[in-house]
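Enquirer:
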Amino acid sequence: MPPELHFILLLVLRMAIAAAFVVSASIITERSGPVIGALVATLPISAGPSYVFLALDHDAAFIAQGALSSLPVNAATIILGLTYVVLAQRHSLLVSCGAAVGVWIVLASIIRMFDWTLTAGLAVNLVAFGICIPLLARYRHVKMPLVTRRWYDIPFRASLVATLVAIVVSTSGWVGPRVSGVIALYPIVFTSMMVILHPRIGGPPTAAVLANSAWGLLGFGMAIAVLHVGALNFGSAIGLSLALATCITWNLTLWWNGRRKRMASA
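Numbering follows our numbering, in which position 150 of the sequence shown is assigned residue number 150; successive positions increment by one, without gaps.
#1: For the region 179–212, list the alpha helix (DSSP H) runs that are entirely contained and at least 4 residues long, ordered along the chain.
#2: Does the beta-carbon distance from P177 to F62 come in below 9 angstroms?
#3: Taking DSSP as the reference, what is the three-state secondary structure of Q89?
#4: Let me confirm a value: P199 is counted as buried when at least 16 other C-beta atoms fall within 10 Å, else exposed. Which label applies?
#5: For I133, collect the residues of the same chain with a Cβ closer than 6 angstroms to its Cβ; drop the 5 residues on either side in sequence, then sort them by chain order.
#6: Quick one, are the C-beta atoms of L135 and A225 less than 9 angstroms apart?
#7: Take the Cβ of M263 as the centre, count every other Cβ of all protein chains shown within 10 Å, and call the residue buried at 16 or more, exposed below.
#8: Which residue's Cα is closest to the Cα of G239: S50, N251, T163, A55?
#9: Leaving out five residues on either side along the sequence, give the residues of the same chain with a beta carbon under 8 angstroms from the beta carbon of T246.
#10: So what's L43 in DSSP terms, helix, strand or just coil?
#11: Going by DSSP in three states, W116 sits in which element: helix, strand or coil?
#12: Under 6 angstroms Cβ to Cβ from I110, same chain only, skipping five residues before and after it: list those, please.
#13: Could you give the C-beta distance for L217 and I78, rounded to a whole number, given that I count them as a contact under 8 angstroms?
#14: Apart from the five residues on each side of it in sequence, which residues of its chain come closer than 8 angstroms, Cβ to Cβ, to F7?
#15: The alpha helix (DSSP H) spanning K261 covers which residue range?
Structure, rendered in C-alpha cells:
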C-alpha cells in the first residue's frame, strides 16, 4: 500500500473513532440535564482522542511537553466560558459565542509564545479558576426548557471533533508539541453546545450548562498535569490512563457530592 494512502486511511479511521466517541458522549449529555451534562462535557471528549493519536505517532517526551502547553490553555477555556455566560444573558449567539472564541484565540496565541513549566501552568489555572468560579456561581441555576434534538446536532459535533483530530494529527510533526498541545485543547464541546443550544433554548439556559462546567473543568486541568507527570516518568500509555482516571474520579466525586447535598436538603 502506498504510504500516502496508508496515512489517509489511518487518518480517516482515527477521525471516525473520535466521532463515535463524541456521539456517545453527546447522547448522554442531552439526556442527563445541565449538571450531569456539564460533568460529561468536561471529560476529555475531544482532547482525549487527540492525545491518544498523538501518542501513537510521537514519544512520551512529546506528549509530556504538549501537556505543559495544554495546561494554561485550560485556564483560557474557563475564561471563554465566563465571557460567553455573561454575554449570553442579553446578547445573541453571534455576539456571545464570537466574543468568547475571540478571547480564547487571543489567550491561546499569547500562551503559545512561552515555554511553560508545570508550576507556572498550575498557578495560571489556580488564578483563573479562583476568579471565574465565584463569578459563574450566580448563573448556574436556571430552569432548563425541553430540548428537542435535530438530526444534524450530533453529526455536527462529531464532525467538529473529527476535524480537530485530523488537524492535530496531520500537523503535529511540523508544528511541534507546544502548538499541538494548544490546538488539542480547543474547546470543541463548549463551542458546539453554544452553537446548538443557544438558538433553541436561549442564552441563559445554555449559559447555565457552561457555568456548571467550571468545577469539572478544574478537574480536567488536574488531569492535564497528571498526564505531563505520568508521561514524563512512566510513558504515554500510563500517563494517558492516569489522566483519564483523574477526570473520571473528579467528576464522579462532584456528582456524588451534589447528590448528597440534594438528599440532605430534601
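Note that beta-carbon positions come from the ideal geometry of N, C-alpha and C, so glycine has one too.
Everything numeric in this text was worked out from a predicted model, so none of it was measured.
Expert: Based on what the coordinates show:
#1: Runs found: 188–201, 203–211.
#2: For the purposes of this step, residue 177 is identified with residue 177 of the sequence shown, where counting begins at 1. For the purposes of this step, residue 62 is identified with residue 62 of the sequence shown, where counting begins at 1. A contact, by the Cβ cut-off of 9 angstroms.
#3: Stepping through the sequence shown from its first residue, residue 89 is reached at position 89. If DSSP states are grouped into helix, strand and coil, Q89 belongs with coil.
#4: The residue labelled residue 199 in the question sits at position 199 within the sequence shown. So P199 counts as exposed.
#5: Here residue 133 refers to the residue found at position 133 when the sequence shown is read from its first residue. Contacts found: A214.
#6: Position 135 of the sequence shown, counting from 1, holds the residue named residue 135. Position 225 of the sequence shown, counting from 1, holds the residue named residue 225. No, they are not a contact pair.
#7: Here residue 263 corresponds to residue number 263 of the sequence shown, with the count starting at 1. Per the 10 Å Cβ criterion, exposed.
#8: Within the sequence shown, numbered from 1, the residue matching residue 239 stands at position 239. That would be A55, whose Cα lies nearest to the Cα of G239.
#9: Along the sequence shown, one-based indexing puts residue 246 at 246. If we look at T246 and ignore the five residues flanking it on each side, its Cβ neighbours are G219, M222, A223, V226.
#10: Numbered from 1 along the sequence shown, position 43 holds the residue referred to as residue 43. Reduced to three states, the DSSP call for L43 is coil.
#11: Locating residue 116 in the sequence shown gives position 116, counting from the first residue. Three-state DSSP puts W116 in coil, outside helix and strand.
#12: In the sequence shown, residue 110 corresponds to position 110, counting from 1. Result list for I110: empty, nothing under 6 angstroms.
#13: Residue 217 sits at position 217 when you count from the first residue of the sequence shown. Residue 78 sits at position 78 when you count from the first residue of the sequence shown. The pair is a contact, with the Cβ atoms about 6 angstroms apart (cut-off 8 angstroms).
#14: Walking along the sequence shown from the start, residue 7 turns up at place 7. Note that F7 scores a pLDDT of 44, beneath 50, so its modelled location is shaky; the value from the coordinates is reported in the next line. The answer is none, since no qualifying residue turns up.
#15: In the sequence shown, residue 261 corresponds to position 261, counting from 1. Counted as a single uninterrupted DSSP element, the alpha helix (DSSP H) harbouring K261 occupies residues 236–265.
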